[in-house]
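One structure is given below, encoded as structure tokens.
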Amino acid sequence: GKSVIAEGIETESQFDQLRRMGCEAGQGYHLSRPLVAENVELLLDRIEVDRWSLQHGQPSRPMLHH
Numbered sequence: 119g120k121s122v123i124a125e126g127i128e129t130e131s132q133f134d135q136l137r138r139m140g141c142e143a144g145q146g147y148h149l150s151r152p153l154v155a156e157n158v159e160l161l162l163d164r165i166e167v168d169r170w171s172l173q174h175g176q177p178s179r180p181m182l183h184h
């Protein structure tokens, strides 16, 4: 199959619809505003925490939710 990365996700409803359609990768202001380099590591740490929560049956907010 093909992998898809959704671009321009700006609302919760867009995010939810893409998840229902099976899209697991995306970017947009709904997920994160542009960051300065120093803040990228903090964002990546949040992603890892959310990924762990999803894998261990403790779903949190969307993986990159602001």
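All residue numbers for the sequence shown refer to our numbering, where the first residue is 119 and numbers rise by one.
For every residue, glycine included, the Cβ atom is placed at its ideal position computed from N, Cα and C.
Please report the Cβ distance between G144 and I127, rounded to the nearest whole angstrom; I am assuming they are in contact, meaning their Cβ atoms lie under 8 Å.
Between I127 and G144 the Cβ distance is about 5 Å, and since that is below 8 Å, they are a contact.
Does DSSP put A155 in a helix, a strand or coil?
Helix at A155.
Compute the beta-carbon to beta-carbon distance between E130 and H148, rounded to the nearest angstrom, for a pair I have assumed lies under 8 Å.
Contact holds; Cβ gap of about 7 Å.
For S121, which residues of its own chain have a beta-carbon under 8 Å away from its beta-carbon, when the five flanking residues on both sides are left out?
Excluding positions up to five away in sequence, the list reads A143.
Excluding the five sequence neighbours on either side, which residues of its own chain have a C-beta within less than 6 Å of the C-beta of G146, listed in chain order?
Once the five neighbours on either side are set aside, the close Cβ partners of G146 are G126, I127 and E128.
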